[in-house]
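Those protein sequence lines, which keep their order, are chains F and Z. Going letter by letter, the first sequence gives residues -13 to 221 in the numbering used here. Going letter by letter, the second sequence gives residues -13 to 221 in the numbering used here. All C-beta atoms in this analysis are idealised placements derived from N, C-alpha and C, irrespective of residue type, glycine included. First comes the structure, then the notes that go with it.
Protein chains: 2
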Amino acid sequence: MSMNARPIGGRRETLAGEVRGEIERMIVAGDLKAGEKLNELSLATAMGVSRGTVREAIRSLADSGLIDLIANRGAFVHETTLDEVRSLYDLRGSIFAMACAASARRVGEGLETGLLAKLTANLDAMKAAHGRDDRTAYYDLNIAFHDMLLEGAGNPKAKTIYDNLVKEMHLFRRRGLSLPTNIAQSIAEHAAIVAAVDVGDAEGARLAALNHIESGFARYMQLLEDTPALAQGAG
Amino acid sequence: MSMNARPIGGRRETLAGEVRGEIERMIVAGDLKAGEKLNELSLATAMGVSRGTVREAIRSLADSGLIDLIANRGAFVHETTLDEVRSLYDLRGSIFAMACAASARRVGEGLETGLLAKLTANLDAMKAAHGRDDRTAYYDLNIAFHDMLLEGAGNPKAKTIYDNLVKEMHLFRRRGLSLPTNIAQSIAEHAAIVAAVDVGDAEGARLAALNHIESGFARYMQLLEDTPALAQGAG
DNA sequence: TGAATGTTGATTGTTGACAAAAATACGATA
DNA sequence: TATCGTATTTTTGTCAACAATCAACATTCA
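Spelled out as structure tokens, the structure:
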């Protein structure tokens, strides 16, 4: 019997787990702003659970980088500085590069048979979205592209860390980190990655991936310069 | 008045924080073996704190990778598989490479003035330790070497992640991950990294670092092959 | 006036108790 | 004897109360 039924009606995950998810959602969505304090009692009453449960959720969230914990003072939504954005990009780039190299290696070894088709399809869809200037579609496809390569690497921990890094970046004051800029160039960089993965060229994939993230950082810095009015809340 | 008095009497960190540290220590030291279940009540009574406090400590430790949490079943010391060791090496290598590249860049830019002297001193001390076959000294110097480069990168998050990865590796059944093998070659690789950092060659430092970690992985795999008797507890 | 010192209200830290779930022990049955 | 179902025990999940700490304000004294 293939048992992957999900619990019906009530919950299966623990309450604290749900609360954690909700807090994380509120942070990423911007309901809780960077620097804001998380009041245990307020959250508890708002969600209809006990303070201890909220506390547990906050603790489990602290290590992810989204929350800063100060003893006897409380939990605060992390404020990401520009220096940190640079650091996060460096980290993200190195992990993404590793993942692309691993994906290329695995494709070359005959594992990951479906990956290439999916990457190519994504690339085509991206070009189409760009053609009709559909930003929303492009945004989603872009995330999917990176996810595929992270998963193709066969390194779940890498994906977890990568996702946390991206979430933490969103806490940077002058948002806009997800605003697409210079889509044509970005697509070309994606194509270079896919080409390297295609022929199982791990080192080529690594360099193309690194270049892609670093270019993305450069594009973002450019955007910041060009748009001094890019204030917080620009989501 | 120069105020650097330390808190007297009791603790400063929270109780849960201390418990967390103690549990982490027990795991890394091997007092709690991989796969073992963490019983909240046992730990609480053993440490003389309440169960809730232990619970909080466990939750805050879960994201680090040392502990697996299963709802309604409890917390278990993570069992690292051989596949995971490979994945962890990949991640560790990519982060270390990034850190070395960043250190080289910063040295080239005139930041990190003291770094080079420290690296060179470490290298010399390592050669000396190797000469008199002092494994313990070599072991500590090796850790210090990597730490310096991680810190020279000016990327605290990278160091945190790196440290967690190393801790998680220690949970691999067939330990010996810290047994030094082929010290001469390892020292030569360190020297190559230092040389690249010295002249501010970021790309060279990245490649040398990547090569160092990958060689380390290869050496470890060799050790596993040569030492089938390398059972758990070999620490 | 203004810096140091009490005082007060709010918030976090810690605990023990109760509820729910899982693990275990134990017969009954085929 | 193996397996299933049930009762019992153990362990985790959640909660509410108490203690410790902190931030803000009021007060004192130079």
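If you draw a straight line from the alpha carbon of residue i to that of residue j, how long is it in whole angstroms?
i: Phe62 (chain Z); j: Ile9 (chain Z); result: 12 Å
i: Gln208 (chain F); j: Asp149 (chain F); result: 24 Å
i: Glu154 (chain Z); j: Thr167 (chain F); result: 38 Å
i: Glu175 (chain F); j: Ala195 (chain F); result: 8 Å
i: Asn58 (chain F); j: Ile44 (chain F); result: 14 Å
i: Thr213 (chain Z); j: Tyr124 (chain Z); result: 22 Å
i: Leu210 (chain F); j: Val71 (chain F); result: 12 Å
i: Ala48 (chain Z); j: Ala114 (chain F); result: 42 Å
i: His132 (chain Z); j: Phe82 (chain Z); result: 8 Å
i: Asn108 (chain Z); j: Ala177 (chain Z); result: 10 Å
i: Glu200 (chain Z); j: Asn25 (chain F); result: 46 Å
i: Asp54 (chain Z); j: Ser172 (chain F); result: 38 Å
i: Glu189 (chain F); j: Ala87 (chain F); result: 6 Å
i: Arg118 (chain F); j: Leu18 (chain F); result: 34 Å
i: Ile129 (chain F); j: Thr122 (chain Z); result: 46 Å
i: His64 (chain Z); j: Arg205 (chain F); result: 40 Å
i: Val14 (chain F); j: Ala170 (chain Z); result: 49 Å
i: Ala111 (chain F); j: Ser89 (chain F); result: 21 Å
i: Lys23 (chain Z); j: Asn197 (chain F); result: 44 Å
i: Gly94 (chain F); j: Gly51 (chain F); result: 35 Å
i: His156 (chain Z); j: Ser164 (chain Z); result: 8 Å
i: Phe158 (chain Z); j: Ala144 (chain F); result: 18 Å
i: Gly202 (chain F); j: Ile56 (chain F); result: 33 Å
i: Arg37 (chain F); j: Met134 (chain Z); result: 41 Å
i: Asp126 (chain Z); j: Asp120 (chain Z); result: 10 Å
i: Gly96 (chain F); j: Glu98 (chain Z); result: 45 Å
i: Pro(-7) (chain F); j: Glu(-1) (chain F); result: With a pLDDT of 41 at Pro(-7) (chain F), under the threshold of 50, the modelled position of this residue cannot be trusted, and the question is left open.
i: Ser73 (chain Z); j: Thr67 (chain Z); result: 10 Å
i: Pro142 (chain Z); j: Leu29 (chain Z); result: 31 Å
i: Ile179 (chain F); j: Gly16 (chain F); result: 32 Å
i: Leu27 (chain F); j: Arg160 (chain Z); result: 46 Å
i: Asp69 (chain Z); j: Val40 (chain Z); result: 31 Å
i: Gly60 (chain Z); j: Arg6 (chain F); result: 18 Å
i: Val224 (chain Z); j: His116 (chain F); result: Outside the modelled stretch of chain Z, which goes from -13 to 221, sits residue 224 (chain Z), for which no answer is possible.
i: Glu4 (chain Z); j: Arg92 (chain F); result: 43 Å
i: Met224 (chain F); j: Gly162 (chain Z); result: An answer regarding residue 224 (chain F) cannot be provided, because it is not within the stretch -13 to 221 covered by chain F.
i: Ala2 (chain F); j: Leu193 (chain F); result: 42 Å
i: Ala20 (chain Z); j: Ala191 (chain F); result: 35 Å
i: Ala85 (chain Z); j: Glu42 (chain F); result: 33 Å
Under 9 Å between beta-carbons, which chain Z residues line up against residue i? List them in chain order, please.
i: Asp76 (chain F); result: Met84, Ala85, Ala87, Ala88, Ala139, Asn141 and Ala144
i: Glu4 (chain F); result: Residues of chain Z passing the Cβ test: none, with the nearest at roughly 11 Å.
So the alpha helix (DSSP H) residue i belongs to, where does it begin and stop?
i: Val40 (chain F); result: Arg37 to Ala48
i: His198 (chain Z); result: Ala188 to Asp212
i: Lys222 (chain Z); result: The structure shown does not extend to residue 222 (chain Z), since chain Z spans only -13 to 221, so no value can be given for it.
i: Ala107 (chain Z); result: Leu101 to Gly117
i: Thr122 (chain F); result: Arg121 to Gly138
i: Asp184 (chain F); result: Ile169 to Asp184
i: Glu8 (chain F); result: Leu1 to Ala15
Cβ closer than 7 Å: which chain F residues qualify as neighbours of residue i?
i: Thr0 (chain Z); result: Ala57
Can you tell me which residues form a DSSP beta bridge with residue i?
i: Val63 (chain Z); result: Z:Ile53
i: Leu24 (chain F); result: F:Ala61
i: Phe158 (chain F); result: F:Thr66
So which residues on chain Z does residue i lean against when the C-beta distance must stay under 7 Å?
i: Gly48 (chain F); result: It is Ala, not Gly, that sits at residue 48 (chain F) in the sequence shown. Near Ala48 (chain F) (Cβ distances below 7 Å), the residues of chain Z are Ser46.
Give me the chain F residues within the contact set of residue i, using Cβ-Cβ distance strictly less than 8 Å, ordered along the chain.
i: Gly51 (chain Z); result: Lys143
i: Ile147 (chain Z); result: Leu77 and Ile147
Could you tell me which chain Z residues have their CB closer than 8 Å to the CB of residue i, listed as they occur along the chain?
i: Ile81 (chain F); result: Leu77, Ser80 and Ile81
i: Glu42 (chain F); result: Arg41, Glu42 and Arg45
i: Gly38 (chain F); result: Gly38
Since residue i meets chain F, which of its residues come closer than 9 Å, beta carbon to beta carbon?
i: Ser73 (chain Z); result: Ala88, Ala139, Gly140, Asn141, Pro142, Lys143 and Ala144
So, does the region 70 to 86 of chain Z touch the region 25 to 38 of chain Z, judging by three or more C-beta pairs under 8 Å? no
Segment contact, 8 Å Cβ cut-off, at least three pairs: the region 90 to 106 of chain F with the region 132 to 152 of chain F: Contact between the region 90 to 106 of chain F and the region 132 to 152 of chain F is established, with three or more Cβ pairs separated by less than 8 Å.
Between the region 85 to 102 of chain Z and the region 177 to 188 of chain Z, do three or more beta carbon pairs fall short of 8 Å? yes
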